[in-house]
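Peer 1:
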Amino acid sequence: MAGLLATKPRVINVAALAEEALWQELELTPKPGLVDKNNNGSHRDMDHALFVRSIQAISPWFARFDDAGREFALRTDSEQLALLRPIGIACEQAMLRATHGVNTHKGGIFALGLLCFAAGRLAEKGSQINALSLSSQVSGLCQGMVQRELASRQSRATAGEKQFHQFGLTGARGEAESGFATVMRHVLPYWNPRAMHEMLLRLMKVNPDSNLVSRGGMAGMRYVQNYSQQLLARGWQHNDLVEMDKQLIARNLSPGGSADLLSVAWVLGGCKY
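Read in order, the letters of the sequence shown correspond to residues -2 to 270 in my numbering.
1. Is it true that the CB of Arg67 sits closer than 8 Å to the CB of Ala12?
2. When you compare only the Cα positions, how much space is there between Asn173 and Gln134?
3. Let's test the definition: count the other Cβ atoms within 10 Å of the Cβ of Lys202 and tell me whether it reaches 16, buried, or not, exposed.
4. Is Asn208 buried or exposed, if buried means 16 or more other CB atoms sit within 10 Å of its CB?
5. Give the straight-line distance between the Cα atoms of Thr101 and Glu17, rounded to the nearest whole angstrom.
6. Going by DSSP in three states, Leu250 sits in which element: helix, strand or coil?
7. Beta carbon of Leu198, beta carbon of Ser225: below 8 Å?
8. With DSSP run on the structure shown, which of helix, strand or coil describes Leu245?
9. Which of helix, strand or coil does DSSP assign to Ile55?
10. Taking Asn239 as the reference, which of Ala256, Leu31, Ser136 has the closest Cα?
11. Hey, would you say Met218 sits closer than 8 Å to Pro205, going by beta carbons?
12. Just the Cα atoms here: how many angstroms apart are Ser124 and Ser130?
13. Given that a residue counts as buried once 16 or more other Cβ atoms are within 10 Å of its Cβ, and exposed if not, what is His40?
14. Inspect the beta-carbon positions of Phe62 and Ile86 and report whether they are closer than 8 Å.
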């Protein structure tokens, strides 16, 4: 009996981890260019209180993403993505109602919603839930997304379409289609939930963040990547992050894509083993 108890797999609540992830990301301070407890970063239309309301509106939906993954577990990947979209849109609408139209967490809803949906699918099939299985599930669900939604469209109407055609950047879609490869390769091997600033710097060092490109072009993205690399290489202290925050605010740069991936890292890190 003792042996059976010892090998019983632990229960992982990905929906709860997703909510945790949003709170952890918000409360991390200082957070260069981003909304935190000290300031609004490079955002004129957002503050800490707005993010609190946004998270409160979003969080109940994570269980619904999980439930949908269970309900549609036996459908094909392409069918499931189509079934998932209305839930994602409804969650976004709940966010926008809470924030009076400000997009605080659209990227987080997309990424964390996919992870919760994948977790529900795995649970329904009796499969193990861990970082690798979640990554694989999300990648499978999103296969072909970049080609369908970026490469094959010629309108170049959205920021994502423009960046893909101009710079080859795939943004949040590419991350999801890769199974969050940036997190899997550059954060999880060093995962430490008590060193979230370090994890964020690791992300900013390598992430081709579309938010930065929207605000500062490729030069703005490279500035943040190089700045992060230098801090990681020489070692950093609290005041270095305060100064980095000032520099990014002065340049109107906000690494929002890396903030979203930090939330993904919290979920996958919680499922690592």
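Beta carbons: idealized from backbone N, C-alpha and C, even for Gly.
Peer 2: In short, the structure shows the following:
1. Indexing the sequence shown from 1 puts residue 12 at position 15. Indexing the sequence shown from 1 puts residue 67 at position 70. Against a cut-off of 8 Å, the Cβ pair of Arg67 and Ala12 comes out as no contact.
2. Taking the first residue of the sequence shown as 1, we reach residue 173 at position 176. Taking the first residue of the sequence shown as 1, we reach residue 134 at position 137. At residue 173 the sequence reads Ala, which differs from the Asn that was named. Those two C-alpha atoms are separated by around 10 Å.
3. Numbered from its first residue, the sequence shown carries residue 202 at position 205. The residue is buried, with at least 16 neighbouring Cβ atoms inside 10 Å.
4. Here residue 208 refers to the residue found at position 211 of the sequence shown. Asn208 is buried by the Cβ-count criterion.
5. Your numbering for residue 101 matches position 104 in the sequence shown. Your numbering for residue 17 matches position 20 in the sequence shown. Spanning the two alpha carbons is a distance of roughly 16 Å.
6. Stepping through the sequence shown from its first residue, residue 250 is reached at position 253. Coil, per DSSP.
7. The residue given as residue 198 occupies position 201 in the sequence shown. The residue given as residue 225 occupies position 228 in the sequence shown. Yes, they are a contact pair.
8. Residue mapping note: residue 245 aligns to position 248 of the sequence shown, counting from 1. The answer is helix: DSSP assigns Leu245 an H, G or I state.
9. Locating residue 55 in the sequence shown gives position 58, where the first residue counts as 1. Note: Ile55 maps to helix in three-state DSSP.
10. Position 242 of the sequence shown holds residue 239. Looking at the sequence provided, one finds Val at residue 239 rather than Asn. When only C-alpha atoms are compared, the closest one is Leu31.
11. Translated into positions along the sequence shown, residue 218 becomes position 221. Translated into positions along the sequence shown, residue 205 becomes position 208. Yes, the pair counts as a contact, with Cβ atoms nearer than the cut-off.
12. By one-based count along the sequence shown, residue 124 stands at place 127. By one-based count along the sequence shown, residue 130 stands at place 133. Each residue's alpha carbon lies about 8 Å from the other.
13. Residue 40 sits at position 43 when you count from the first residue of the sequence shown. Burial call: buried.
14. For the purposes of this step, residue 62 is taken as residue 65 along the sequence shown, with counting starting at 1. For the purposes of this step, residue 86 is taken as residue 89 along the sequence shown, with counting starting at 1. Contact flag unset, no.
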